[in-house]
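Residue numbers (my numbering): 1 to 101.
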């Protein structure tokens, strides 16, 4: 798919158990928001994240495909496609037993 994470390298799909463990070793605890607060609490959200600045999608067909999808979604919602864009917020890794309540 062309997913590349800085400090990790290319992430193939399906991802192997060994690659998940390596990826998890370089990620950080994911917070959650409550009102205007950013909270780190594993009893509420137990998962890992990588900042989008460390992620690139290097597969050339993704860009036109995503643009087409954004255009279709905007039109179906009655919004001008020129006002809508897709933006990667973050990448989350939910390993077995991880959760977000």
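Note that CB positions come from ideal geometry on N, CA and C, so glycine has one too.
Beta strand (DSSP E) segment containing residue i, residue limits
i, result
"residue 17", "Counting along the chain, residue 17 falls outside any beta strand (DSSP E), though it belongs to the alpha helix (DSSP H) covering 17 to 26."
"residue 94", "Premise fails: residue 94 is in no beta strand (DSSP E) and is neither H nor E."
Inter-residue Cα distance where the pair is residue i and residue j
i, j, result
"residue 81", "residue 94", "32 Å"
"residue 64", "residue 101", "35 Å"
"residue 39", "residue 75", "36 Å"
"residue 77", "residue 11", "33 Å"
"residue 59", "residue 1", "6 Å"
"residue 3", "residue 9", "8 Å"
Check: residue i C-beta below 7 Å from any heavy atom of the ligand ZN
i, result
"residue 19", "Because no ligand of any kind appears in the structure shown, any question about the ligand ZN cannot be addressed here."
Buried or exposed (CB count within 10 angstroms, at least 16 for buried), residue i
i, result
"residue 30", "buried"
Rounded distance between the beta-carbons of residue j and residue i, thought under 8 Å
i, j, result
"residue 54", "residue 84", "Wrong, their Cβ atoms sit about 25 Å apart, outside the cutoff."
N- and C-terminal bounds of the alpha helix (DSSP H) containing residue i
i, result
"residue 10", "Counting along the chain, residue 10 falls outside any alpha helix (DSSP H), though it belongs to the beta strand (DSSP E) covering 9 to 11."
"residue 72", "62 to 76"
| task | Spell out a yes or no on whether the segment 47 to 66 and the segment 23 to 35 are touching, meaning 3 or more CB-CB pairs, one atom from each, closer than 8 Å. | result | They touch, by the three-pair rule.
| Three-pair Cβ contact test at 8 Å for the segment 12 to 21 versus the segment 66 to 76 | The segment 12 to 21 vs the segment 66 to 76: no contact.
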